[in-house]
Each structure stands twice: as structure tokens, then as C-alpha cells.
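Colleague: Respectively, the protein sequence lines represent chains A and B.
Just so you know, the first sequence maps onto residues 7 to 249 in the numbering used here.
Just so you know, the second sequence maps onto residues 16 to 329 in the numbering used here.
I'd like to ask some things about the structure below.
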Amino acid sequence: MSPDVMPLLKVEQLEKRFGGFRALDGVSFHLAPGEVLGLVGPNGSGKTTCINVISGLYAGDGGQVVFEGQRIDGAKMHKLARRGINRTFQSPKPFLSLTVRENVQIAARYGHAGGAPVDLDALLASLELDRHADRPAEDLNSAQQKTLDLARALATSPRLLLIDELAAGLNPAELHRMADRLRVLADGGMAMLVVEHLMGFIDRVTDRVIVLNAGREIFEGTLAAATRDPDVIRVFLGGAAHA
Amino acid sequence: MRDARSVSGLRRVFGDLLLAGVVVAVMAVAPSVYSNQLLLFNFVMFLTLSQGLNVIYGFTGYLPFGYVGFFGAGAYGFALAVMHLHAPPLAAMAVGAAAALVLAVILTPLFRLSGAYFAIANLAAAQAVYEIVSNPALEDITKGPYGVSLSGVFAPETSYAVSVAILAGTLLLVVWLRNSRFGLSLRAIKEDPISAAMAGVAVVRGRTIAWLCSALIAGLVGGAFAWQISVFYPETAFSAQFSIFAVVFTLFGGAATLTGPLLGVFILYGIYNTIGITVPQYFQLIYGTLIVALVLFLPNGLVSLLTKRGIRVP
């Protein structure tokens with residue numbers, strides 16, 4: 007990130023404990039508008055916890071989160087949504103008994119973060135959900151429900167999108183289309199923090215990555231550099247780095 | 016496409032309003048064709064209480080087993096206003112409603128609980144209010160366990176008309192919740208409060224509004240009940256039967272709909288008043304069988320027979 011660009015998101019020394027377990031232990035990073043940052047690491051390294059704290063689902067135990075120049079740690083989730091932060095969930099969480107259209111209508115009505123109103127029909131069409139628009143979300147398969155999570159987040163016009171394992175369950179063609187969509191959104195100025203295990207997806211979508219291990223940051227840089235880093239290879243990639 | 020959606024939306028609202036209007040009209044004219052006004056009042060009372068419970072359970076998923084606490088607070092609020100302030104009945108109704116609202120505000124921390132814990136805590140809270148009201152040490156204020164007599168304001172026709180007006184208002188509220196964005200946000204909260212919050216819905220605020228509306232309805236019905244019967248005891252106004260009937264009627268018909276609780280009251284309270292009085296042993300058997308069958312085969316209520324087939328029920 008260029009030093010003269012004001013970061014959209016600043017995470018400083020973020021801590022989160024569950025009893026005696028330190029899920030986040032002093033994690034810090036910056037994110038500029040339109041930048042896509044990958045958050046990778048082994049299971050239990052704190053990736054989802056990091057998203058949960060930034061999105062207000064968990065209260066942090068230390069450090070601070072600054073969005074557009076203002077501290078937001080401790081803010082309620084619905085207020086963060088209205089300020090321009092939204093997210094998807096590792097296990098999709100649509101409103102199952104509501105129709106696909108109602109799922110996004112609620113977000114557009116209550117969580118819109120300002121700017122031009124979202125054309126919900128166009129949004130659903132862009133995510134190939136338009137033909138399911140009037141069906142209950144419970145009729146969708148798991149991958150479609152994840153896409154609906156994304157649609158609901160996008161219906162709020164976020165400036166920061168937190169994506170938690172969106173690619174799992176998508177077939178290769180869907181993966182490519184999803185990666186392309188995210189790149190288009192980033193090119194339009196939306197910043198993203200992407201948690202993902204699929205390195206091919208991370209490679210297509212992100213500008214740089216942070217590697218977490220046991221709640222600590224062990225690497226920050228490009229994915230290509232990460233695959234050559236001895237610490238990253240030891241705790242996360244193993245032999246995959248050369249596969 | 017949008018026009019088609021708005022036309023279908025208007026049709027839905029019209030269907031809901033038509034059903035609500037028919038029920039209110041039937042209950043309004045019923046005393047002129049059927050002489051047992053107390054029975055008719057009980058029907059109106061349970062129609063309203065079931066819809067009041069529907070507001071909090073059907074739209075947010077919180078099942079208040081102690082719903083009678085608001086009803087009792089309304090009845091005693093009415094009685095205290097009449098006895099101590101010599102308030103006219105309509106003003107006393109407002110006091111009863113305010114008492115229920117105050118109780119609801121006091122109980123808002125219960126929303127930290129969920130499921131059975133919320134239901135049981137709410138039941139305990141209603142019992143606590145009953146214990147306070149029936150305490151002999153408070154005889155000078157509440158008449159303690161000896162009950163209240165409000166014969167000076169006894170006016171069954173007027174109190175019946177007011178109870179029908181409360182029913183009308185309650186049905187309109189449910190129609191609005193079923194067709195408004197706010198109602199949609201409550202259903203989102205019921206489905207998944209975390210997702211609802213991330214969609215920008217103020218979850219605590221939405222739940223609290225539904226909770227207060229639900230309590231207000233029970234408080235108004237409680238006030239109308241006190242006005243209608245004029246003489247009652249704490250165990251009457253805080254009888255668990257009010258909660259149980261409201262819960263069973265709502266679940267039997269189907270929550271989050273207008274039709275479900277109405278069906279529940281007309282069918283189950285109808286059975287209760289036909290065979291329940293004359294042959295109570297068969298009533299218990301039939302009632303129990305119906306409820307067991309419902310839980311086993313139609314957990315979403317009678318209306319789910321239609322909604323499962325994609326048919327929209329008002």
C-alpha cells in the first residue's frame with residue numbers, strides 16, 4: 007500500500023481470548039480501498055476469529071480496529087453494516103424460510119451503507135440467483151446458499167467485504183466465475199479480506215496475503231513469496247508449496 | 016415484474032384485511048344473535064391473546080409461557096385505578112396497559128436467554144407478580160388474596176365492545192407485521208439473529224418492539240377482562256390457563272399467520288365449550304389426542320397443510 011493512501015481498515019495489535027486460549031495474539035494489518043487481502047493459515051490459526059472481531063460478532067480483548075479513520079471495535083453488527091462493513095459466513099446463514107429476494111431486500115432496506123441504491127434484480131442475476139428469486143432459501147443447495155450470503159452482503163453496498171471460505175463447495179467453473187466477480191468488485195473500489203483454504207482461489211483473487219499461525223501473524227506479502235517462506239512452508243503449506 | 020409483485024402484494028394485504036374484517040364483524044354482531052355474552056367475550060379474549068402471543072412468538076421465536084403475567088398486570092392495573100383513583104373504565108384500561116408495559120420493560124433482560132430457558136424464566140416472572148399481588152400484606156393496595164370487586168363499573172356490553180375493538184387493533188397489527196418491512200425484519204431475526212444483524216437489522220430494538228406490543232395487547236385484554244367480570248381473585252387473573260390456551264391455540268393453528276391462531280381458538284376453544292363442559296373426561300382425551308397428533312404430524316400447525324403445498328394462507 008502506498009504510504010500516502012489512507013487505509014480503509016487498520017487493525018492494530020488485535021487480541022481475542024477464549025478462556026486461556028489466545029485465538030488472536032497481536033494481529034496487525036492495513037487494507038486500502040479496492041485492495042484484496044488473503045488471510046490464510048492452518049485450522050485454528052485465528053482467521054475466522056479475526057473476521058468475527060472486525061465484523062462485531064465477537065468483542066476483542068485488546069488492540070483496536072479503525073475503519074475510515076474511526077475506531078469501530080465494540081460497535082454493534084447492524085451499525086457496522088450501515089457504516090459499510092459486511093461479511094459472509096463459513097457456514098451459510100441465509101434466512102431459510104424467506105425467499106431469496108426477501109433475503110436481499112432486508113439487507114438493502116436495513117443495512118445499506120449509502121450511495122446509489124442497489125438494483126436487486128441485477129444483483130441476483132449477476133450471481134445467477136435470479137431464477138431462484140421467489141423460492142425459499144431453504145430450497146437452495148449449500149453453494150447457492152453461500153452465494154446468497156454474498157448477495158445479501160453486497161445488497162448493503164459495503165466498502166469492506168469480509169469473506170469467510172466462500173469457495174468451498176463450488177465446482178471449478180463456479181470458482182473461476184466467483185473469483186472474476188470478486189476482482190470486478192475490487193476494481194470498483196471495494197476492499198476485501200478473504201479467508202480461504204483453496205490457494206488457487208486466493209491466487210486469483212488477492213493482492214497479498216497474511217499467514218496466521220496460533221493467532222500470530224507469521225508472514226505478510228504476496229502469495230508467491232509466501233510459498234517460498236520457510237515458516238509458512240513448515241506450519242501451513244508443507245509439501246504443497248512445491249506441488 | 017415489479018408491478019406484478021406490487022399487485023400480488025396488494026392482494027395479500029387485501030386477503031389479510033378481509034379475513035380480519037370478517038372475524039371482527041362476526042364477533043361484533045354475535046351478541047345480537049347469541050345470548051351467552053360471557054362465552055362470546057371469552058372467545059374474543061382468546062382470539063386477541065393468541066394473536067398477541069403470535070406477535071412475539073410467531074415473529075421473533077420467543078415463546079413466553081408466562082404471558083399471563085401481562086394479562087394479570089393489565090387486570091390489576093385496571094382494578095387499582097378504579098379502586099384507588101376512581102378512574103373511569105377507559106382511563107383504567109390505559110393504566111392496565113401501562114402496567115403490562117412496565118412489566119415488559121422490567122423483563123427485557125430475559126432476552127439474554129433463549130428457547131426453554133426464556134420460556135421458563137418468563138413463567139417464573141409471571142408467578143412472582145402473582146405472589147406480589149396476592150400477598151396478604153398488600154391487602155390495602157391489591158386486596159391481597161381476597162380478590163377485588165369493581166361492581167361500580169360493571170358494564171358488560173360496553174366492555175365487550177371495547178374488547179372487540181382491541182381484537183380489531185390486534186388483527187390490524189398482525190396484518191401489518193405480515194406485510195411490512197418491519198415484520199420481514201422480525202422474521203429475519205427469528206430465522207437467524209446474527210445474519211439479521213449483519214443485514215443491518217437492529218435485533219434488540221426489533222425484539223423489544225415486538226415484546227412491548229405483545230405485552231400491551233395482553234395488558235389491554237386483561238383490563239377488558241377485569242371490566243367485564245368485575246369481581247375476581249389473583250388466581251383468576253394470573254391463571255396459567257390463559258398462557259396455556261394462548262400458546263396451544265397459536266401452535267395448533269400455526270404461528271406467524273393471521274389464520275392459524277384464529278383457527279386454533281375457534282376449533283379448540285369451540286371443542287372445549289361443547290364437550291369440555293358436558294363430558295370433561297372425553298374432552299381431556301380428545302384434547303390430548305389432538306395436541307399429540309399435531310406435535311407429531313403438523314408441528315407448524317394446521318395451516319402448514321396448505322403452506323407446504325405452496326398455498327399462501329392469510
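Every residue, glycine too, gets a C-beta built ideally from N, C-alpha and C.
None of the values given here were measured: they were computed from a predicted structure.
Using beta carbons (cut-off 7 Å, strictly below), is A/ILE57 in contact with chain B?
Modeller: Judged by the 7 Å Cβ criterion, A/ILE57 is not in contact with chain B.
Colleague: Does any residue of chain B bring its CB to less than 7 Å from the CB of A/PHE101?
Modeller: True, the Cβ-Cβ gap to chain B drops below 7 Å.
Colleague: Comparing C-alpha positions only, which one of B/THR223, B/PHE80 and B/GLY92 sits nearest to B/THR265?
Modeller: When each option's Cα is compared against that of B/THR265, the closest is B/PHE80.
Colleague: When Cβ atoms are compared, which residues of the region 183 to 211 of chain B fall closer than 7 Å to chain A?
Modeller: From the region 183 to 211 of chain B, only ARG196, LEU199, SER200, ARG202, ALA203, GLU206, ASP207, ILE209 and SER210 have a Cβ closer than 7 Å to chain A.
Colleague: CB-CB under 7 Å to B/LEU277, same chain, minus the five flanking residues each way: which ones, in chain order?
Modeller: Hits under 7 Å: VAL38, LEU62 and GLY268.
Colleague: Determine whether the Cβ of A/ALA113 lies closer than 7 Å to any Cβ atom of chain B.
Modeller: Yes, its Cβ sits closer than 7 Å to a Cβ of chain B.
Colleague: Considering only C-alpha positions, which residue in the set A/LEU160, A/VAL106, A/ILE216 and A/GLY75 is nearest to A/VAL200?
Modeller: Selected option, being the one with the closest Cα: A/ILE216.
Colleague: Taking only runs that begin and end inside the region 69 to 139 of chain B, name each unbroken alpha helix (DSSP H) of 4 or more residues, in chain order.
Modeller: Complete alpha helix (DSSP H) runs here, min 4: 83 to 100 and 104 to 121.
Colleague: Please list, in chain order, the chain B residues whose beta carbon lies closer than 8 Å to that of A/THR162.
Modeller: Those within 8 Å of A/THR162 in chain B are ALA214 and GLY215.
Colleague: Looking only at its chain, what residues have a beta carbon closer than 8 Å to the beta carbon of B/ILE135, apart from the 5 residues adjacent to it on each side?
Modeller: Correct list, in chain order: PHE80.
Colleague: Write down the C-beta distance between A/GLY47 and B/ALA214 rounded to the nearest angstrom, noting that I regard them as a contact closer than 8 Å.
Modeller: Not really, about 29 Å apart at Cβ, beyond 8 Å.
Colleague: In this structure, what does DSSP give as the bridge partners for A/ILE169?
Modeller: A/VAL200.
Colleague: Name the one or two DSSP bridge partners that B/GLN243 has.
Modeller: In DSSP, B/GLN243 forms no bridge with anything.
Colleague: Could you tell me which residues DSSP pairs with A/GLN70 in its beta bridges?
Modeller: For A/GLN70, which the question treats as bridged, DSSP gives the partners A/GLU18.
Colleague: Measuring CB to CB, does B/ALA211 end up less than 7 Å from B/VAL219?
Modeller: Their beta carbons are not under 7 Å apart, which means B/ALA211 does not touch B/VAL219 by this criterion.
Colleague: Could you tell me the alpha carbon to alpha carbon distance between A/LEU14 and A/ARG137, rounded to whole angstroms?
Modeller: Taking the straight line joining both Cα atoms gives about 35 Å.
Colleague: Would A/LEU133 pass as a contact of A/LYS152 if the rule is Cβ separation under 7 Å?
Modeller: Not in contact: A/LEU133 and A/LYS152 (Cβ atoms no closer than 7 Å).
Colleague: How long is the line joining the alpha carbons of B/ALA225 and A/VAL42, rounded to whole angstroms?
Modeller: Cα to Cα, B/ALA225 sits roughly 40 Å from A/VAL42.
Colleague: Would you mind stating whether B/PHE281 and B/VAL83 have Cβ atoms separated by less than 7 Å?
Modeller: Going by C-beta atoms, B/PHE281 is not nearer than 7 Å to B/VAL83.
Colleague: List, in chain order, every chain A residue whose beta-carbon is nearer than 9 Å to that of B/VAL262.
Modeller: Those do not exist, as B/VAL262 stays about 21 Å from chain A at its closest Cβ, beyond 9 Å.
Colleague: Using 7 Å as the limit for Cβ to Cβ distance, is A/HIS203 near chain B?
Modeller: Not an interface residue.
Colleague: Between A/HIS138 and chain B, is any beta-carbon pair separated by less than 7 Å?
Modeller: Not closer than 7 Å to any Cβ of chain B, the Cβ of A/HIS138 fails to qualify, so no.
Colleague: Counting only the same chain and skipping the five closest in sequence on each side, list residues whose C-beta sits under 7 Å from that of B/LEU32.
Modeller: Cβ neighbours of B/LEU32 beyond the five flanking positions: VAL190.
Colleague: Does any C-beta atom of chain B lie closer than 7 Å to the C-beta of A/LEU116?
Modeller: Residue identity check: residue 116 of chain A is Tyr in the sequence provided, not Leu. It does: the Cβ of A/TYR116 has a partner Cβ on chain B nearer than 7 Å.
Colleague: Could you work out which residue in A/ASP145, A/MET196, A/ILE208 and A/ILE78 is closest to A/ALA174 when comparing CA atoms only?
Modeller: Among A/ASP145, A/MET196, A/ILE208 and A/ILE78, the Cα nearest to that of A/ALA174 belongs to A/ILE208.
Colleague: In terms of residues, what are the limits of the beta strand (DSSP E) holding A/VAL217?
Modeller: Looking at the DSSP string, the run of the beta strand (DSSP E) that includes A/VAL217 is 214 to 219.
Colleague: Looking at the secondary structure, which residues open and close the beta strand (DSSP E) in which A/GLY227 lies?
Modeller: Its beta strand (DSSP E) spans residues 222 to 227.
Colleague: Could you check how far apart the C-beta atoms of B/TRP242 and B/PRO46 are, in whole angstroms? I think they sit under 8 Å.
Modeller: Their Cβ separation, rounded to whole angstroms, is 16 Å, which puts B/TRP242 and B/PRO46 out of contact at 8 Å.
Colleague: Under the three-state reduction of DSSP, which class applies to A/HIS118: helix, strand or coil?
Modeller: Here A/HIS118 sits in coil by DSSP.
Colleague: Report the rounded CA-to-CA distance for A/GLY68 versus A/GLY50, giving the unit in angstroms.
Modeller: Near 19 Å, if we compare the C-alpha coordinates of A/GLY50 and A/GLY68.
Colleague: Taking a Cβ distance cut-off of 8 Å, strictly less, list which residues of the region 151 to 180 of chain B are near chain A, in chain order.
Modeller: Listed by position, the residues of the region 151 to 180 of chain B near chain A (Cβ gap below 8 Å) amount to none.
Colleague: Taking Cβ-Cβ distances below 8 Å as the criterion, which residues of the region 217 to 239 of chain B are in contact with chain A?
Modeller: Hits within the stretch, in order: ALA217 and VAL218.
Colleague: May I have the straight-line CA-CA distance separating B/GLU206 from B/GLY221, to the nearest angstrom?
Modeller: Using only the alpha carbons, I get a separation of about 13 Å.
Colleague: Which residues, taken in chain order from the region 59 to 76 of chain A, show a beta carbon closer than 9 Å to some beta carbon of chain C?
Modeller: Among the protein chains of the structure shown, namely A and B, there is no chain C.
Colleague: Whose C-alpha, out of A/ALA122, A/ALA197 and A/ARG234, is nearest the C-alpha of A/LEU168?
Modeller: Residue A/ALA197 is the option with its Cα nearest to A/LEU168.
Colleague: At what residues does the alpha helix (DSSP H) containing A/ILE208 begin and finish?
Modeller: From DSSP, the alpha helix (DSSP H) with A/ILE208 extends over 205 to 211.
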